[in-house]
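I have placed the structure first, in the form of structure tokens, so that the comments after it can refer back to it.
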Amino acid sequence: MNYDNVMKLALERGFYFPSCEVYGDSQAGFWEYGPNGVSIKNKFLELWRQQLVRRDRMLEIDGSQIMSKSVFEASGHLGNFADPIVKCKECKSTFRADKLIVDASEVEIPENSDLNEFDNVIKEKAISCPKCNGSLDNTKKFNMMFKVGIGPEEEEAYLRPETCQSIFVDFPRLFKTMRGKLPIGIAQVGKSFRNEIAPRQSLLRLREFYQAEIEVFCNPNKLDVLDKFSEIENTTLRIQNEQEVVTVTCKQAVESGIIPNKFVAYYLGLLSEFYEKTGIDMNKSRFRKLGEKEKAFYAEVAFDFEVETTIGWLELVACNYRSDYDLSSHAKKSKEKFEVMDNDEKVLPHVFEISMGIDRSLYCVLEHGYRDDKENERVVLSIRPYLAPVHVGILSLVKKDGLAEKTNDVYLNIKTKFDSFLDHAGAIGRRYRRLDEIGAPFAITIDHQTKDDDTVTIRSRDSMSQDRVKIKDLEEILSKETRFP
RNA sequence: GCGGAGUUAGUCUAGCUCGGUUAUGACGUCAGCUUCCCAAGCUGAAGGUCGCGUGUUCAAAUCCCGCACUCCGCACCA
């Protein structure tokens, strides 16, 4: 199974590994990126910046991870980002109170009701533990946000459960000072924190994780007025129908009504073009429109971008049309003005969000790039050259006869321009294979001929074929081959 | 959180049933030799709180108990 192979590669080659692993009290759901992981993550985010933030002239901010209580009162997370749970006094099993009650009595209680209502129904209907028939404890709320105490008085605040709240809260200032005009995208990359009950599968379900979020603010009356739509109208989207995945252009998707408007289609188009460039196999991807029950509490229309892996379909991006849910609740709570002028019209903008899970995306890049090349007895990470943690290995064929010194010279000249790895040790084939495993697209080898004519061989990772090139041309060749698209 | 299985070096693993010298092997890593191109060979070396903590015992990787983590299922996943 590829998940296990990727996991092994990650541990052996410094992509990612568990946090605090030397201590016995390390908690589940926390992982670290090692050197190769950081390198690929940085490049992935650079691609994201280029293909989304820069392309659409978005504004990027970097907000705090700890935010005050009011933010989450307004956002609804304190009330809604929690499940009502009830515990059996006998067998200690935990259940979701609302689901348990529906199953046992067919009484439907909205999940954000007062806790007494759950307890009352449980009492009235004499509901007991479905496992052991034991009696149930009082209903409690389990909020998935991490609470933190600020200062000596331990003032209540929270680690953000999604990065976007700072974008909403900062919106009035950003719009004014950055000379904003609708529609405008505001982007942010950073950590978010959720106290998951059962984190699992390394990077796929973390308690502390990276999000790259984009919130696009728009005039809700102009969702089909978008000149730049022509840029992506022929971009194809794979959209999950009731039964099957259909491939349509953005234009067709809007015309047929699969996507409600040009505005949403435009951003799904951008996202699709971005993921194409990450090297993830788009034939194993789909946009799935979420049903009423699956959607987040703030979403009006929601598409998940999902990718198929060896452990099933993974949700990489949540695309939610959040309407004015966030701005109006922050306006109400803070008493600040969030309306802006769009030409002559005063509007409270609506928001479409593209909320990307970075860790999961990176996993997919690794899994889809992982190749077990049995014929050549090697493992190859065939990822796009511009995402590779190491661009090029600089190798001496043998150490003696002055080749090591010559190799050092070549390395010295390119090490600040590319992520390069110098290696003199051991058999050449072994060194090539080590580079293959971390996805280095090129290996330059200095051999005896180099001393005569200043040429070297350059080996490409996927084909294993070699070309002989002049040392003075190396920089140009590598620039061209490792450049972002 | 529940149930099941597991945790021995960077990775994989033997040993555990039935407690007893210095914890086994492979791969990987490092140094040297060799080698003018794909995990070759030779020599040598480093690397372990046997997940953590208790208990039983003259003696615990091995037996008991507790905890943590990992994996699988259930539940959960704005």
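Residue 462 in the numbering used here sits at position 467 of the first sequence, with consecutive numbering throughout. No residue lacks a Cβ here, since even glycine has one placed at the ideal position from N, Cα and C.
Within 8 Å, strictly: CB atoms of residue i and residue j
{"i": "isoleucine 349", "j": "phenylalanine 282", "result": "no"}
{"i": "histidine 363", "j": "aspartate 396", "result": "no"}
{"i": "glycine 185", "j": "glutamine 160", "result": "no"}
{"i": "isoleucine 162", "j": "isoleucine 181", "result": "yes"}
{"i": "leucine 154", "j": "valine 164", "result": "no"}
{"i": "leucine 110", "j": "threonine 134", "result": "yes"}
{"i": "leucine 199", "j": "leucine 309", "result": "yes"}
{"i": "methionine 351", "j": "leucine 311", "result": "yes"}
Nearest to residue i (by Cα), restricted to the options the options
{"i": "alanine 509", "options": "Lys394, Lys330, Arg463 and Gly29", "result": "The structure shown does not extend to residue 509, since the chain spans only -4 to 480, so no value can be given for it."}
{"i": "leucine 201", "options": "Gly29, Ala438, Val33 and Arg355", "result": "Arg355"}
{"i": "serine 323", "options": "Ala438, Tyr293, Asp57 and Met351", "result": "Tyr293"}
{"i": "aspartate 219", "options": "Asn256, Tyr11, Phe300 and Asn111", "result": "Asn256"}
{"i": "arginine 174", "options": "Met53, Pro480 and Leu198", "result": "Met53"}
{"i": "glutamate 228", "options": "Leu265, Ile306 and Phe298", "result": "Leu265"}
{"i": "phenylalanine 333", "options": "Leu6, Phe166 and Leu198", "result": "Phe166"}
{"i": "proline 480", "options": "Met139, Phe39 and Phe212", "result": "Phe39"}
{"i": "glutamate 210", "options": "Asp404, Glu55, Val296 and Val243", "result": "Glu55"}
{"i": "methionine 140", "options": "Ile409, Ala152 and Asp132", "result": "Ala152"}
{"i": "tyrosine 262", "options": "Glu295, Phe300 and Gln238", "result": "Phe300"}
{"i": "glycine 32", "options": "Leu357, Val375 and Lys475", "result": "Leu357"}
{"i": "glutamate 471", "options": "Ile453, Asp457 and Ser280", "result": "Ile453"}
{"i": "glutamine 46", "options": "Ser267, Ile35, Phe67 and Thr242", "result": "Ser267"}
{"i": "methionine 422", "options": "Thr440, Glu191, Leu131 and Ser63", "result": "Here residue 422 turns out to be alanine, not methionine, going by the sequence shown. Nearest of Thr440, Glu191, Leu131 and Ser63 to alanine 422, Cα basis: Thr440."}
{"i": "glycine 307", "options": "Ala291, Glu287, Asn315 and Lys279", "result": "Lys279"}
Span separating the alpha-carbon of residue i from that of residue j
{"i": "lysine 82", "j": "arginine 91", "result": "9 Å"}
{"i": "histidine 419", "j": "threonine 402", "result": "9 Å"}
{"i": "aspartate 51", "j": "aspartate 337", "result": "18 Å"}
{"i": "valine 342", "j": "lysine 176", "result": "12 Å"}
{"i": "valine 483", "j": "serine 251", "result": "The requested residue 483 is not part of the displayed model; the chain covers only -4 to 480."}
{"i": "tryptophan 43", "j": "phenylalanine 269", "result": "7 Å"}
{"i": "lysine 118", "j": "alanine 313", "result": "39 Å"}
{"i": "alanine 326", "j": "aspartate 57", "result": "22 Å"}
{"i": "proline 215", "j": "phenylalanine 298", "result": "18 Å"}
{"i": "tyrosine 427", "j": "glutamate 150", "result": "56 Å"}
{"i": "threonine 172", "j": "phenylalanine 212", "result": "16 Å"}
{"i": "serine 391", "j": "glutamate 372", "result": "22 Å"}
{"i": "proline 194", "j": "glutamate 400", "result": "50 Å"}
Chain-order list of residues whose beta-carbon lies under 6 Å from that of residue i (same chain, five-residue window excluded)
{"i": "threonine 273", "result": "Val360"}
{"i": "glutamate 271", "result": "Met277"}
{"i": "arginine 463", "result": "Thr450 and Thr452"}
Beta-carbon contacts of residue i that lie in its chain and below 8 Å, excluding the five residues immediately before and after
{"i": "histidine 386", "result": "Pro380, Phe413, Asp414, Ser415, Ala435, Pro436, Phe437, Leu473 and Thr477"}
{"i": "aspartate 449", "result": "Lys465, Ile466 and Lys467"}
{"i": "leucine 285", "result": "Ala294, Ala297, Phe298 and Asp299"}
{"i": "isoleucine 61", "result": "Val143, Ile145, Ala152, Tyr153, Leu154 and Arg155"}
Sequence-distant residues of its chain with Cβ nearer than 7 Å to residue i (five each side left out)
{"i": "valine 137", "result": "Just to set this straight, residue 137 is phenylalanine in the shown sequence, not valine. Here the set comprises Ala77, Asp78 and Ile80."}
{"i": "serine 65", "result": "Lys328"}
{"i": "serine 455", "result": "Pro436 and Phe437"}
Check: Which runs of the beta strand (DSSP E) fall wholly inside the segment 37 to 68 and span at least 3 residues, in chain order?
Finding: 54 to 56 and 61 to 63
Check: Considering only residues of the segment 217 to 266, which uninterrupted alpha helix (DSSP H) runs meet the minimum length of 4 residues and lie entirely inside it, listed in chain order?
Finding: 224 to 227 and 245 to 250
Next item on the list: Can you check the segment 141 to 196 for any alpha helix (DSSP H) of at least 4 residues that lies completely inside it and give the ranges in chain order?
Entry: 159 to 172
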